[in-house]
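First comes the structure, then the notes that go with it.
In the numbering used here, the protein residues as written are 320 to 578.
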């Protein structure tokens with residue numbers, strides 16, 4: 320896995336922080352508008368350990384996608400700290416964040432976000448070419464292996480417009496895995512898929528967790544509890560259940576899988 324800090328970057332972390340793969344401390348995200356200050360997230364404390372499959376659930380506007388975007392370094396908190404893979408993400412510059420994200424977070428979007436003028440194969444090669452972590456002579460073979468793992472290798476030469484929604488999402492997951500990041504962050508990955516295809520996507524995520532990845536998924540799916548190890552519920556920008564990983568392990572030991 321490629322979770323080591325970038326050259327020249329000294330991550331802000333402590334021995335205590337390193338206990339968790341992901342740790343949020345008193346994270347606040349606000350937006351200013353004509354109506355005043357709006358709190359999208361309010362004092363979030365959250366820990367996620369390696370190998371967890373965590374669902375973030377809640378009504379529209381509860382802060383789910385905001386939380387995922389902060390963890391992935393797509394957005395920055397107004398206050399608080401976010402540490403992922405030993406790096407305090409909110410202390411990075413924009414350029415450092417792009418490199419850090421490429422190494423540590425594979426992002427999967429609801430609307431796939433595949434580049435329409437590139438084939439499925441080329442979409443997966445792109446992040447490898449950007450970071451150059453995978454040797455050039457290995458990239459095409461790795462991209463094909465990832466497409467094969469997702470069950471869409473036969474679609475490698477097709478443009479996204481020629482693929483079904485489920486096929487596009489599987490290609491998007493393969494792209495998220497291109498540089499072998501330890502964390503997969505998925506925002507409503509089944510929002511545009513039918514129930515059977517949604518099930519296959521969640522099965523793919525579960526297989527990734529079994530292989531050692533950590534998966535965070537924002538979802539409206541009601542049957543998510545059968546797939547994930549823990550559910551974090553947000554209401555009005557605050558966590559209303561979904562204890563930190565230490566508490567989760569204790570609860571799991573008592574046979575309580577979900578709050």
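Ideal Cβ positions, reconstructed from N, Cα and C, are used throughout, including at glycine. All values derive from a computational prediction rather than experimental measurement.
>> Taking its Cβ as the centre, do 16 or more other Cβ atoms sit within 10 Å of residue 539, making it buried, or is it exposed?
In response: Position 220 of the chain shown, counting from 1, holds the residue named residue 539. So residue 539 counts as exposed.
> Under 8 Å, do residue 394 and residue 345 count as touching if we go by C-beta distance?
Replying inline: To locate residue 394, count along the chain shown from 1; it is residue 75. To locate residue 345, count along the chain shown from 1; it is residue 26. No, Cβ-Cβ distance for residue 394 and residue 345 is not below 8 Å.
> Thinking C-alpha only, which one of 523, 534 and 380 is nearest residue 501?
Replying inline: In the chain shown, counting from the first residue as 1, residue 501 sits at position 182. Selected option, being the one with the closest Cα: 534.
> Beta carbon of residue 437, beta carbon of residue 445: below 8 Å?
Replying inline: Residue 437 sits at position 118 when you count from the first residue of the chain shown. Residue 445 sits at position 126 when you count from the first residue of the chain shown. Yes, they are a contact pair.
>> Please determine whether the Cβ atom of residue 418 lies at a distance below 7 Å from any heavy atom of the ligand MN.
In response: Because no ligand of any kind appears in the structure shown, any question about the ligand MN cannot be addressed here.
> Pick from 458, 365 and 358: whose alpha carbon is nearest that of residue 552?
Replying inline: Start at 1 with the first residue of the chain shown, and residue 552 comes out as number 233. A check of alpha carbon separations from residue 552 across 458, 365 and 358 identifies 365 as the nearest.
>> Please report the distance separating the alpha-carbon of residue 563 from that of residue 555.
In response: Taking the first residue of the chain shown as position 1, residue 563 is located at position 244. Taking the first residue of the chain shown as position 1, residue 555 is located at position 236. Note on residue 563: pLDDT 44, under 50, position unreliable in the model; the coordinate value appears next. Put simply, the backbone Cα of residue 563 is about 19 Å away from that of residue 555.
> How should residue 559 be labelled, buried or exposed, when 16 other C-beta atoms within 10 angstroms of its C-beta is the threshold for buried?
Replying inline: By one-based count along the chain shown, residue 559 stands at place 240. By the neighbour-count criterion, in which a residue is buried when 16 or more other Cβ atoms sit within 10 angstroms of its Cβ, residue 559 is exposed.
> Counting only runs that start and end within the region 506-554, where is the beta strand (DSSP E) found for 3 or more residues in a row?
Replying inline: Counting whole runs of 3 or more residues, the region 506-554 contains the beta strand (DSSP E) stretches 533-537 and 549-554.
> Based on Cα-Cα distance, which residue from 532, 525, 530 and 531 lies nearest to residue 543?
Replying inline: Walking along the chain shown from the start, residue 543 turns up at place 224. Closest by C-alpha distance to residue 543, out of 532, 525, 530 and 531, is 525.
>> Check whether the region 452-461 and the region 509-520 are in contact - that is, three or more C-beta pairs closer than 8 Å.
In response: The region 452-461 is not in contact with the region 509-520.
> Can you give the Cα-Cα distance for residue 261 and residue 354, rounded to whole angstroms?
Replying inline: Absent from the structure is residue 261, since the part of the chain shown begins at 320 and ends at 578.
> Per DSSP, which one or two residues make a beta bridge with residue 406?
Replying inline: Position 87 of the chain shown, counted from the first residue, corresponds to residue 406. 403, per the DSSP bridge assignment.
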